[in-house]
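Engineer:
Residue numbers (my numbering): 48 to 395.
Below is the structure:
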């Protein structure tokens, strides 16, 4: 991690009918271990939150000028302090259109990594705590709730300013605060976020390609390949990176081969299969985690029953009869079998 610049500004509004007040810092924080740890905590908190949207900057620069200011900063025509102060003024402008009451800090950070440059924006608040002072009196203290980041934005500057259309269209990541719809909308307008990607539709289309790719494989190899695909996608999600088709294809090639009694012809590399059969498919995608889980596991619940099993079990150890709307389960897990037998004995 190479944190190049980081600064914080304050925004506050205590009365809905009054305008918000901002307090801007004039210089970036001098970096030390505390600052870097603070940034790392906010980054990790935002990374593990669900509720992210992916898209790009709006073309309407007049009403959403942050992208223009960011371009000036990136071209070294504007200082980081000036850029973030302008951004704060615009956040205040959007907040004043509402009656949202809030008090928090916006932390802006420029991070240079080997793969790309990133701009991070975090909405972070103070939490209060109690402690016993030197006179053994109860006292109150405040601390920055870095683990509680629920509103944030991340801009991949290289993707945004690059020529790759697919990457440009998902260069902006927006974390919305669930339960704070109006505040999230203020933040979205301030960023100038546009054209949210339909992650569910893209993931469903991707998994359909995986189904086609594995269709002719023996069952054991088919399920093994599907599990590898999902594992790679989930690992990419954990570190906040997209699924890269070429990387996934390489992983599938290098993975250990399963021994099988049934002979079969291995399919071509996954990337080649997509190129031949889905030439318009994106080279990268950001998958929907829920859809990935559903792909390898079937689950459901009602008021009295909760069930989850690997999709590969269906038709084998788990048989569904649509006519009677019933499931027959074989090869019951030992722990479940033990509890069932105990319950039957006690009932008798």
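Every residue, glycine too, gets a C-beta built ideally from N, C-alpha and C.
For clarity, every value in this text was computed on a predicted model and none was experimentally measured.
Less than 8 Å between the C-beta atoms of residue 216 and residue 242, yes or no?
Structural biologist: Closer than 8 Å, so yes.
Engineer: Pick out whichever of 185, 181, 52 and 229 has its Cα sitting closest to the Cα of residue 175.
Structural biologist: Among 185, 181, 52 and 229, the Cα nearest to that of residue 175 is on 185.
Engineer: Does residue 226 pass the burial test, meaning 16 or more other C-beta atoms within 10 Å, or should it be called exposed?
Structural biologist: Exposed, because fewer than 16 other Cβ atoms sit within 10 Å of the Cβ of residue 226.
Engineer: Given 8 Å as the limit, is there contact between the segment 61-80 and the segment 187-205, that is, 3 or more CB pairs closer than that?
Structural biologist: The answer is no - the segment 187-205 does not touch the segment 61-80, with fewer than three Cβ pairs under 8 Å.
Engineer: For residue 375, which of 320, 356 and 125 has the nearest alpha-carbon?
Structural biologist: That would be 356, whose Cα lies nearest to the Cα of residue 375.
Engineer: Identify whether residue 111 lies in helix, strand or coil by the three-state DSSP scheme.
Structural biologist: If DSSP states are grouped into helix, strand and coil, residue 111 belongs with coil.
Engineer: Go through its chain and collect everything with a Cβ distance to residue 163's Cβ below 6 Å, but skip five positions before and after it.
Structural biologist: Excluding sequence neighbours, residue 163 sits near 203 and 205.
Engineer: Return the bridge partner residues of residue 235 from the DSSP annotation.
Structural biologist: In DSSP, residue 235 forms no bridge with anything.
Engineer: When the Cα atoms are used, what is the spatial distance from residue 288 to residue 214?
Structural biologist: Rounded to the nearest angstrom, the two C-alpha atoms are 12 Å apart.
Engineer: Mind checking whether residue 330 and residue 292 have CB atoms under 8 Å apart?
Structural biologist: Going by C-beta atoms, residue 330 is nearer than 8 Å to residue 292.
Engineer: Between the segment 91-103 and the segment 52-71, can you find at least three pairs of beta-carbon atoms closer than 8 Å?
Structural biologist: The segment 52-71 vs the segment 91-103: no contact.
Engineer: Return the CA-CA distance between residue 199 and residue 346, expressed in angstroms with no decimal places.
Structural biologist: Answer to the nearest angstrom: the Cα atoms are 32 Å apart.
Engineer: Does DSSP classify residue 209 as helix, strand or coil?
Structural biologist: Note: residue 209 maps to coil in three-state DSSP.
Engineer: Just how far apart, CA to CA, sit residue 152 and residue 171?
Structural biologist: Rounded to the nearest angstrom, the two C-alpha atoms are 5 Å apart.
Engineer: In or out: residue 262 buried (at least 16 other Cβ within 10 Å) or exposed?
Structural biologist: Burial call: exposed.
Engineer: Thinking C-alpha only, which one of 221, 344 and 254 is nearest residue 244?
Structural biologist: Comparing Cα positions, the closest option is 221.
Engineer: Below 8 Å on the Cβ atoms is my contact criterion, and I expect residue 128 with residue 64 to pass it. Report the Cβ-Cβ distance as a whole number of Å.
Structural biologist: Their Cβ separation, rounded to whole angstroms, is 31 Å, which puts residue 128 and residue 64 out of contact at 8 Å.
Engineer: What residues are listed by DSSP as bridge partners for residue 119?
Structural biologist: None, per the DSSP bridge assignment.
Engineer: For residue 286, does the three-state DSSP call read helix, strand or coil?
Structural biologist: Coil at residue 286, not helix or strand.
Engineer: Sort out for me which residues DSSP pairs residue 241 with in a bridge.
Structural biologist: The partner list for residue 241 (beta bridge, DSSP) reads 103.
Engineer: Bridge partners for residue 167 per DSSP, in chain order?
Structural biologist: Beta-bridge pairing links residue 167 to 156 and 201.
Engineer: Is the separation between the beta-carbon of residue 166 and that of residue 117 shorter than 8 Å?
Structural biologist: Going by C-beta atoms, residue 166 is nearer than 8 Å to residue 117.
Engineer: What do you reckon, are the CB atoms on residue 50 and residue 86 nearer than 8 Å?
Structural biologist: Yes; because the gap between Cβ atoms is below 8 Å, this pair is in contact.
Engineer: Using only alpha-carbon positions, find the residue among 267, 223 and 196 that is nearest to residue 311.
Structural biologist: Considering only alpha carbons, the answer is 267.
Engineer: Taking the C-alpha atoms as reference points, what is the distance between residue 122 and residue 139?
Structural biologist: If you take the alpha carbons of residue 122 and residue 139, they lie about 25 Å apart.
Engineer: Could you give the residue range of the beta strand (DSSP E) that holds residue 354?
Structural biologist: Looking at the DSSP string, the run of the beta strand (DSSP E) that includes residue 354 is 353-357.
Engineer: Throw me the rounded Cβ distance for the residue 342 and residue 273 pair, which I believe falls under 8 Å.
Structural biologist: Indeed they touch by this definition, with Cβ atoms about 7 Å apart.
Engineer: Can residue 299 and residue 317 be called in contact, C-beta distance under 8 Å?
Structural biologist: The answer is yes: Cβ separation under 8 Å.
Engineer: For residue 67, which residues in the same chain have their Cβ closer than 7 Å to its Cβ, ignoring the five residues on either side in sequence?
Structural biologist: Closer than 7 Å at Cβ, skipping near neighbours: 58, 59, 60, 139, 142 and 143.
Engineer: Where do the N-terminal and C-terminal ends of the alpha helix (DSSP H) with residue 415 fall, by residue?
Structural biologist: Nothing about residue 415 can be read from this structure; the chain reaches only from 48 to 395.
Engineer: I need the straight-line Cα distance from residue 14 to residue 260, nearest angstrom please.
Structural biologist: With the chain covering 48 to 395 only, the question about residue 14 has no answer from this structure.
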